[in-house]
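These notes concern the structure reproduced below.
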Amino acid sequence: MAVKDLPIVGDSFKLGYRLQRYWDTPMASAFFFGELGAGLFFVSLLLESAQGMMAGLLITGLLKTYFHLSHMGVPTKSWRAILRPDRSWISRGLIGIVCFIGFGGLHLLNVMGYIPGFGGLLKLLAGAAALVVMTYQGFAMSHSTAISLWNSGLIPVSSLTYSATAGVMVLLASVPESAQFLIPVALILHLVVAAVLLSLLHAARHGSPGARKSAELLTRTLYAKWFFVLVCGAGVLLPVLLLWFAGNVPLMAMIAATGTLAGYYTFRLLIFKAGVFEPIMSFRP
Amino acid sequence: MARYGMVFDLKRCIGCNACVIGCKQENSLPDGVFFTRTLSEEYGVYPAVNRVYIPTLCNHCEDAPCEKVCPSGATYTRPDGIVMVDPDKCIGCGSCAVACPYDQRSEMKAEAFKDGLFGTGEITPFEKQGYPRYTPGMVTKCDFCSGRVDAGLDPACVVTCPTDARIFGDLDDPNSKPSKLIRERGGRPPLPEKNTRPKVYYID
Ligand code: SF4
Ligand code: SF4
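Residue numbers (the working numbering), protein chains in the order written: chain F, 1 to 285; chain P, 1001 to 1204.
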């Protein structure tokens, strides 16, 4: 018997792979809205769109917070998550979010003329904090060796690229005047997303038994149809085709953005669901 | 100071799961929660088939990833090497659960405490005395029955095991039973490639 032949055994008393089940839909939603909001804010900051910045802050500040709290087992003590930045990416990320909302809000007020001075410094701090929120969730996942699919430097890269891509697409769909500049950027970002997805799958297929099992779940068994139809089809192929052939048409840009977000959300969910714990093979059959 | 660990003798384990029941009873675990499991696996081709039983619990890792990722400081290691979870500090974020390569963390879902062991909403006196040690919603695990260890006793699973397949003791003492077994019979830690330095070993 080889480890690769063992089945997925759920929560039973059999030896085999166990699906990660602790971080599920609420956590995937929190990750999605956190990165979407920060990405939208960051792109809007570069293009000086006050509405985009406000939307980004609201998405991260309200939706990410809501889904995090609904995931927590003891939500009333959630503030404690900030206590160990010396060792935990969750603590570092929480500090990043507080800075993002604080500096981002101050920068927005500055842009809108409500508070004077420090414009350049606030912009720099808000941008840096947004970048932390765009990536830290990837570091929180890749840091641990438990789930081989996640234990890869590509996971923070996927967070950053998806976050920036989603930000660009939302801005493109809501501010059609920016199309001329944003369409080429969006096309390049979708190609980077495709490259990251391929690299992630390639690394998983040639990685440890757990990573191979996860790659199998994503491309051949349990989650294959969701992965190919939504993550690859709706999330990458559809937006690239629409942007290439009709990106200047506002309706097409909106459909493309919807596809990107659907693919991105599905990716966030599936990357959690396809994570597996490896069986303990501490015996000689 | 001792450094506690455990050895599982796979030649002795008969898969009776007495340890699992002993653990549930000692720790007043709600429905569906197990701090220890005895996994089974069949192998070989008929007629040369066999079945092995593999007990599992928290390995009280020296480099415990669950402790490193815990953002609230709830997970900590005692000086004697027992990895603990403080119910007053845990926020139930589950970071430790996804960081443990051995899937040894358990969510103490709030509903389980309300529904009771029989799922009727009636909480038996047994549950009433046991549940206050947990905060509903926390994520916890085996603590080698730290209360019993402090009182000079072995963990409940060890004393319940009818075949002496679980051997508990001080790994820093070269003359302790687990140290000798590890040395003489080549004890192997689970998933050594995860670099967590478990204090649980398997011999067969
Ligand atoms: S086995 Fe898991 S829960 Fe126990 S100390 Fe190691 S990492 Fe933590
Ligand atoms: S669930 Fe509790 S013990 Fe686990 S990482 Fe979160 S706060 Fe720490």
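The C-beta atom is built at its ideal place from N, Cα and C for all residues, glycine as well.
One alpha carbon belongs to C1145/P, the other to A166/F, and they sit about 49 Å apart. By the C-beta density criterion, G37/F is buried, having at least 16 other C-beta atoms within 10 angstroms.
What L1191/P touches in chain F, judged by beta-carbon distance under 7 Å, is E278, I280, going in chain order. For K1089/P, the closest C-alpha among the options N1050/P, P1136/P, D1080/P is that of P1136/P.
Think of a sphere of 9 Å around the beta carbon of T1135/P: the chain F residues whose beta carbon falls inside it are G73, V74, K77, in chain order. Collapsing the DSSP output to three states places D86/F in coil. For P1055/P, there is no enclosing alpha helix (DSSP H); the residue is part of the beta strand (DSSP E) that begins and ends at 1048-1057.
E1193/P sits exposed, since fewer than 16 C-beta atoms from the chains shown fall within 10 Å of its C-beta. Inclusion of R1105/P in the 7 Å shell around ligand 1 follows from its C-beta lying nearer than that to a non-hydrogen atom of the ligand.
The Cβ atoms of L1171/P and R1003/P sit closer than 8 Å to each other. 8 Å or more divides the Cβ of P116/F from the Cβ of H190/F.
For R212/F, no CB of chain P lies under 8 Å from its own CB, so it is not counted at the interface with that chain.
Taking a C-beta cut-off of 9 Å against chain F, the contacting residues of the region 1103-1115 of chain P are D1103, R1105, E1107, M1108, K1109, A1110, listed in chain order.
Proximity of the beta carbon of T76/F to ligand 2 is not indicated: no heavy atom of the ligand is located closer than 7 Å. Listed in chain order, the alpha helix (DSSP H) runs fully inside the region 1150-1197 of chain P are 1156-1160, 1177-1185, counting runs of at least 4 residues. If you compare the alpha carbons of V1158/P, E1184/P, R1133/P with that of D1086/P, the shortest gap goes to R1133/P.
If you draw a 10 Å sphere on the C-beta of Q20/F, you find 16 or more other C-beta atoms in it, and that means buried. No residue range can be given for G233/F, since it is assigned to no beta strand (DSSP E) and is classified by DSSP as neither H nor E. Between A256/F and L237/F, the C-beta spacing is not below 8 Å.
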